[in-house]
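Peer 1: Heads up: the sequence shown is residues 3 to 217, going by the numbering used here. Ideal Cβ placement from N, Cα and C applies to all residues, glycine included. Owing to the predicted nature of the structure, the values given are computational and were not obtained by experimental measurement.
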Amino acid sequence: MIFLAENLLVTILALLFGWLVLKLNHKPIKAASRNEIFICILTNFINTAITFAGFWLWQHGYILFSYNPSWRIVFDFVALFMLMDLAMFLFHYAIHRSVLYKAIHQFHHHYADPIPIDLFVLHPLETIGFGSLWLMMILLFSFNIYAVFIYLVVNVFFGIMGHLGIEPIPTGIRRIVPFKYLGTSSFHHQHHLNINHNFGFYTNIWDKIFGTYKG
């Protein structure tokens, strides 16, 4: 129940943040459908199970963290940020290039103009897939716990920003470092409009390397 409450709280705060950004940008806020709300709740239950699985693995010594506040926080965050970005890019690309797209991922692409709640509107098997990637990453490598916490906050932030349906960052800012390499709102929105481009999540680096980038 604690993990469920935690996941629901994260979802509520993320949606409030998303809707606040839309309001500040004078964007009409479209109401979520019953189906979107139902899948969002289901996603929270699945994420709760994944959280519990991670807790169990940590309790039994399979997942190890370091707890000292040190320079490792920055290094581990950057490593986790880039490794997860690559892992999710490859997973996302593989889904689009296989029968799994129609079976699973096309469900998420019903929403060409996404709203914040659509971050949590995924096929249950896809939610499990992304959750499994996360568990595998922290099973394979030992990260600083503070870096993990920062990463999880940043992960939700990028997810919400990618499903605003608008671009709140001015064009001039998006042309400078580091924004020119990040997966901005318009970057992910372009993926919803054209499913053959922009498979990255946090950065556009992998799309540029593999030739799938579209500005």
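Candidates A7, G20, L6, I4: which alpha carbon is nearest F159's?
Peer 2: The option with the nearest alpha carbon to F159 is G20.
Peer 1: Measuring alpha carbon to alpha carbon, tell me which of L18, L154, Y204 ends up nearest P118.
Peer 2: Cα-wise, what sits closest to P118 is L18.
Peer 1: Helix, strand or coil, according to DSSP, for N146 in the structure here?
Peer 2: Here N146 sits in strand by DSSP.
Peer 1: Which residues does DSSP pair with S68 in a beta bridge?
Peer 2: S68 pairs with N146.
Peer 1: Do F201 and Y95 count as a contact pair if the criterion is CB distance below 8 Å?
Peer 2: For Y95 and F201, yes; Cβs fall inside 8 Å.
Peer 1: Just to confirm, are Y153 and P71 a CB contact at a threshold of 8 Å?
Peer 2: Their beta carbons are not under 8 Å apart, which means Y153 does not touch P71 by this criterion.
Peer 1: Along the chain, where does the alpha helix (DSSP H) containing N9 start, and where does it finish?
Peer 2: Segment 4 to 26, the alpha helix (DSSP H) holding N9.
Peer 1: How is T205 classed by DSSP in three states: helix, strand or coil?
Peer 2: In the structure shown, T205 sits in a strand (DSSP, three-state: E or B).
Peer 1: Whole angstroms are fine: how far does the CA of D115 sit from the CA of P170?
Peer 2: So the alpha carbons of these two residues sit roughly 15 Å apart.
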